[in-house]
Amino acid sequence: MKLALLSLMLLAIASAGNLPIWPSDFRWSSAGRVAGYECIIVLELADPHTWSDNYLCWKRGKENPGIRWQSWGPISGMKCTRIHEGADPHSWDDNYLCVPQNSPYNFRWSSAGAIGGMSCLQWIESADPHTWSDNFLCARSQLSQREAVFPEDFWFHSAGPLHGYDCIRILEVADPHTWNDNYLCWRQIVKDPMMRWSSAGPISGMRCTQIHEGLIPIPGRITTSVFLTAPNCTSTGVLPGRSEGEGVYSGWKQLTPTLGRITSFVSRF
Numbered sequence: 196m197k198l199a200l201l202s203l204m205l206l207a208i209a210s211a212g213n214l215p216i217w218p219s220d221f222r223w224s225s226a227g228r229v230a231g232y233e234c235i236i237v238l239e240l241a242d243p244h245t246w247s248d249n250y251l252c253w254k255r256g257k258e259n260p261g262i263r264w265q266s267w268g269p270i271s272g273m274k275c276t277r278i279h280e281g282a283d284p285h286s287w288d289d290n291y292l293c294v295p296q297n298s299p300y301n302f303r304w305s306s307a308g309a310i311g312g313m314s315c316l317q318w319i320e321s322a323d324p325h326t327w328s329d330n331f332l333c334a335r336s337q338l339s340q341r342e343a344v345f346p347e348d349f350w351f352h353s354a355g356p357l358h359g360y361d362c363i364r365i366l367e368v369a370d371p372h373t374w375n376d377n378y379l380c381w382r383q384i385v386k387d388p389m390m391r392w393s394s395a396g397p398i399s400g401m402r403c404t405q406i407h408e409g410l411i412p413i414p415g416r417i418t419t420s421v422f423l424t425a426p427n428c429t430s431t432g433v434l435p436g437r438s439e440g441e442g443v444y445s446g447w448k449q450l451t452p453t454l455g456r457i458t459s460f461v462s463r464f
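Numbered continuously in our numbering, the sequence shown closes out at residue 464.
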């Protein structure tokens, strides 16, 4: 049987840069902008209770986290969290706080107290009588999280996401060999490495590595492992032309071009 060609797959990694740390670098204000901070206005035009001076802010000098507010539904192409207060009759059912898809912030909203096990920032508007005293924006604290360590904190799983891990799905829809349940995962106790997967070309604004398998062994399924590795190393050693600890790079290396091959993704950042 003729060997087929897999579609191009790319794994993208965003640079964390100097993003504000949740929650220590963020502030909420119901009385105008905060000195020394950059802010976005949080406004519901239909609410008459002084929402025109409410702001979500982050420390000046930090990288802009790309947070946006919209009071008429989620913003297309962004990762959005619904900001809802059921007791408020003034159109608080279609308001969203959004971040870029590759953002490390995975916000959750509560209109009935802080969420256990998460770090929360209270959104309070004392002039609004509709229970705006127990509303919180929450996320996992980045203060207590360390950088992910390879390979201890990573796992590739071919049978669904793993409990206790955050995962991205590794999917090639054109491949019939059960790729719908393959995930690259990292421990929830570490910082989000901000990895994304695309089976339709590189993702704009991200550093991308082509994950390419030129031949599909027949019969049977390709056995692959995807790794985020230590500085300049693969499972067979330092990459040619690189010294230990050198620079920023990423690459894809095929180790054994045979049936049941093992291939590895390598990255230094």
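All residues carry an ideal CB built from backbone N, CA and C; glycine is no exception. The structure presented is a predicted model; accordingly, all values stated were derived computationally and were not measured.
| query | result |
| --- | --- |
| Other residues of its chain near proline 299: CB distance less than 6 angstroms, five sequence neighbours each side excluded | Asp387, Met389 |
| Candidates Asp288, Arg277, Gly261: closest to alanine 241 by CA position | Asp288 |
| Valine 237, buried or exposed, once every other Cβ within 10 Å from all chains shown has been counted against 16 | buried |
| Nonlocal neighbours in the same chain, by C-beta distance under 7 angstroms from arginine 265, ignoring five residues either side | A small fix is needed here, since residue 265 is glutamine in this sequence, not arginine. Only Tyr291, Cys293 meet the Cβ criterion. |
| Bridge partner(s) assigned by DSSP for phenylalanine 302 | Phenylalanine 302 pairs with nothing; no bridge assigned. |
| Cut-off 6 angstroms between Cβ atoms - residues of its own chain near cysteine 234, not counting five sequence neighbours on either side | Arg228, Tyr250, Cys252 |
| Exposure label - glutamine 337; buried when at least 16 CB within 10 Å | buried |
| Glycine 359 and arginine 391 closer than 8 angstroms at C-beta | no |
| Cβ shell of leucine 357 (< 8 angstroms), same chain only, five flanking positions each side left out | Trp350, Tyr378, Cys380 |
| Selected residue, minimal CA-CA separation from isoleucine 262, among Gly256, Ile310, Asp348, Met273 | Met273 |
| Buried or exposed by the 16-neighbour rule on C-beta atoms within 10 Å, applied to isoleucine 384 | exposed |
| Proline 269 versus asparagine 301 - alpha carbon distance | 15 angstroms |
| Unbroken beta strand (DSSP E) run spanning lysine 254, endpoints | 250 to 254 |
| Neighbour-count burial assignment, alanine 334, 16 or more Cβ in a 10 Å radius | buried |
| Spatial distance of aspartate 248 from glutamine 317 (CA atoms) | 16 angstroms |
| One or two residues paired with proline 295 in a DSSP bridge | Met273 |
| Element boundaries [beta strand (DSSP E), containing asparagine 330] | 330 to 334 |
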